Amino acid sequence: MALKKSYSKDKTSCTVTFSVSKEAAHGAKEVTIAGDFNNWSSTETPLKQDKDGSFTVKLKLSVGKEYQFRYLLDGKHWENDWNADKYIPAPFSHTDNSVVIC
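Using my numbering, you'd call the opening residue of the sequence shown number 19 and step up by one each time.
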């Protein structure tokens, strides 16, 4: 799993590429991302599967904010990003959420 950030010239937005490697996907056929940026929808933001079996999606986010998120594999298993900027305890479960800082 990986996060890649690219900032706009005026530094007001940040395009974040969220990636889940083939190995980290554990054979999943479908990966979505849920977080603060999509009202924690488990279906709104699917990742595209690449030829190498990894999954990616690019999201344009506002600079100066932190966004909590998690990946959902095949609609069943939640996963954190191993390379997140930090982790915060989830308010509704006994797990942590991944955080990306823009």
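Every residue, glycine too, gets a C-beta built ideally from N, C-alpha and C.
All values reported here derive from a predicted model rather than from experimental measurement.
Tell me which same chain residues have a C-beta within less than 8 Å of the C-beta of T30, skipping the five on either side of it?
S80, V81
Could you check what DSSP says for N115 in three-state terms: helix, strand or coil?
strand
With A46 as the anchor, note down where its alpha helix (DSSP H) starts and where it stops.
Note, A46: premise wrong, no alpha helix (DSSP H); not H, not E.
Whole angstroms are fine: how far does the CA of P109 sit from the CA of V118?
17 Å
Is the stretch 90–97 touching the stretch 39–52, taking contact as three or more C-beta pairs under 8 Å?
yes
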